[in-house]
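Down below is the structure, laid out as structure tokens.
Residue numbers (the numbering used here), protein chains in the order written: chain A, 3 to 158; chain B, 343 to 606.
Okay, here's the thing in structure tokens:
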């Protein structure tokens, strides 16, 4: 079945089996392996991408469901000139990672939180990260990074 | 997962036609339960009919004194809706407590109500708020809708189009959330319509049900104290690795009291 969408601003058209998950389509067909699959059961959030501007778990939607949509993955979050997204820059500043496996999903969710709730405080950010799991338990730096980016968004 | 044929109808008539033609077709709403079920091969439908591109099924509107929410409206939109927050703030609060933010961007009210998971939140809202389930062929009162574990009054091929809510004088949803899954270990919706009080419980039994003894006591005196000595019968409740039936009965009474306190 034909699926036509934009991924990180590029027009893409591919033939896929309907059962192909969006996460697998991104990783295996498009070789965008920044999107990780941790649990494959909608719990860990490593696979989060933005579909039409909203954070979604790409392991729990089919590629064909994204037909006509605009998908942004971790590879497309920074500006084309390489300038990091404010959430990416904050993760670097606050060391918001340990092993890095959950990081793509954490950053994509963080960007979604900052978009929806500029100025979000620590309690809000922790609550909003319910669907993202860091097996290193490195939440302290992750939360600090997102709070910082949210505070910058709240000021601008 | 087994492969399937995928359909994306543009209107309800087309969806109904495909459902009628195919041997083992299933409706795909937000997919938050169905896709994990397919991955586990607990279901292997021949066809999936994706309702997400049918404009008539999405959105919220005021209709006289009632609030109508399209079946394909996602939880995040209900939670953030100024209209829902104004008309039934308890319903917006309930929607905002489902799953996590990414799940709320995809999961839909119609999918949740059609699935009737014993631990889902919306069934308590639909039953407690005396809502009506609107389908492509009829309207079903919430009291007649939830019939068992993952069972509803829906007929094969019947499509939920919207949920129609009455606006209560006051309502509150209290939930004891499973810390890992986000599902309700117990969830209680209390709603007041004039003198009538409705108390609907999810998470505790095979399907959402009304706590009639609590309702009777609260109709006489709408206060947390009126619930003293009233508890659900544990013999009718679920026991699993997370909570015993006796524990669920206790939590239901505590949550009902908190809900009443927040309204009264």
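Cβ coordinates follow ideal geometry from the N, Cα and C atoms, glycine included.
Could you say which of the options lies nearest to residue i if we only look at CA atoms?
i                      : options                       : result
residue 421 of chain B : B:587, B:447 and B:491        : B:447
residue 99 of chain A  : A:34, A:143, A:154 and A:107  : A:143
residue 28 of chain A  : A:40, A:41 and A:49           : A:49
residue 484 of chain B : B:490, B:475 and B:491        : B:475
residue 140 of chain A : A:38, A:93 and A:58           : A:93
residue 136 of chain A : A:157, A:113, A:70 and A:38   : A:38
residue 439 of chain B : B:516, B:598, B:561 and B:563 : B:516
residue 563 of chain B : B:505, B:587, B:538 and B:552 : B:538
residue 596 of chain B : B:530, B:542 and B:547        : B:530
residue 410 of chain B : B:587, B:508 and B:557        : B:508
residue 565 of chain B : B:345, B:590, B:488 and B:598 : B:598
residue 106 of chain A : A:134, A:128 and A:95         : A:134
residue 377 of chain B : A:7, A:88, A:59 and A:51      : A:59
residue 587 of chain B : B:383, B:571, B:494 and B:527 : B:527
residue 568 of chain B : B:423, B:494 and B:602        : B:602
residue 392 of chain B : B:357, B:436, B:473 and B:455 : B:357
If you count every other CB in all the chains shown that lies within 10 Å of the CB of residue i, and 16 or more means buried, which is it?
i                      : result
residue 102 of chain A : exposed
residue 149 of chain A : buried
residue 580 of chain B : buried
residue 491 of chain B : exposed
residue 61 of chain A  : buried
residue 503 of chain B : buried
residue 416 of chain B : buried
residue 523 of chain B : exposed
residue 388 of chain B : exposed
residue 26 of chain A  : buried
residue 575 of chain B : exposed
residue 486 of chain B : exposed
residue 428 of chain B : exposed
residue 382 of chain B : exposed
residue 570 of chain B : exposed
residue 510 of chain B : buried
Taking only three categories from DSSP, how would you classify residue i?
i                      : result
residue 537 of chain B : coil
residue 15 of chain A  : strand
residue 134 of chain A : coil
residue 447 of chain B : coil
residue 41 of chain A  : coil
residue 140 of chain A : coil
residue 454 of chain B : helix
residue 389 of chain B : strand
residue 430 of chain B : coil
residue 595 of chain B : helix
residue 509 of chain B : coil
residue 552 of chain B : strand
residue 497 of chain B : coil
residue 565 of chain B : coil
residue 572 of chain B : coil
residue 519 of chain B : strand
residue 95 of chain A  : helix
residue 524 of chain B : coil
residue 112 of chain A : helix
Cα separation between residue i and residue j?
i                      : j                      : result
residue 189 of chain A : residue 18 of chain A  : The question about residue 189 of chain A has no answer, for chain A in this structure spans 3 to 158.
residue 30 of chain A  : residue 550 of chain B : 42 Å
residue 385 of chain B : residue 395 of chain B : 23 Å
residue 519 of chain B : residue 83 of chain A  : 44 Å
residue 404 of chain B : residue 442 of chain B : 27 Å
residue 457 of chain B : residue 13 of chain A  : 36 Å
residue 445 of chain B : residue 16 of chain A  : 26 Å
residue 117 of chain A : residue 554 of chain B : 44 Å
residue 124 of chain A : residue 131 of chain A : 11 Å
residue 496 of chain B : residue 361 of chain B : 14 Å
residue 45 of chain A  : residue 365 of chain B : 32 Å
residue 157 of chain A : residue 47 of chain A  : 28 Å
residue 146 of chain A : residue 115 of chain A : 13 Å
residue 561 of chain B : residue 536 of chain B : 9 Å
residue 23 of chain A  : residue 64 of chain A  : 4 Å
residue 355 of chain B : residue 9 of chain A   : 32 Å
residue 345 of chain B : residue 481 of chain B : 34 Å
residue 347 of chain B : residue 75 of chain A  : 27 Å
residue 452 of chain B : residue 86 of chain A  : 39 Å
residue 111 of chain A : residue 5 of chain A   : 25 Å
residue 591 of chain B : residue 534 of chain B : 22 Å
residue 469 of chain B : residue 489 of chain B : 12 Å
residue 151 of chain A : residue 423 of chain B : 25 Å
residue 352 of chain B : residue 584 of chain B : 42 Å
How many whole angstroms separate the CB atoms of residue i and residue j, which I take to be in contact at a CB cut-off of 8 Å?
i                      : j                      : result
residue 406 of chain B : residue 460 of chain B : Not quite, the Cβ-Cβ distance comes to about 33 Å (not below 8 Å), so this is no contact.
residue 370 of chain B : residue 390 of chain B : 5 Å
residue 450 of chain B : residue 414 of chain B : 5 Å
residue 433 of chain B : residue 471 of chain B : 7 Å
residue 66 of chain A  : residue 3 of chain A   : 6 Å
residue 605 of chain B : residue 513 of chain B : 7 Å
residue 79 of chain A  : residue 113 of chain A : 6 Å
Run down chain E in chain order and give the residues with a C-beta less than 7 Å from the C-beta of residue i.
i                     : result
residue 43 of chain A : Annotation note: the requested chain E is absent from the structure, which comprises protein chains A and B.
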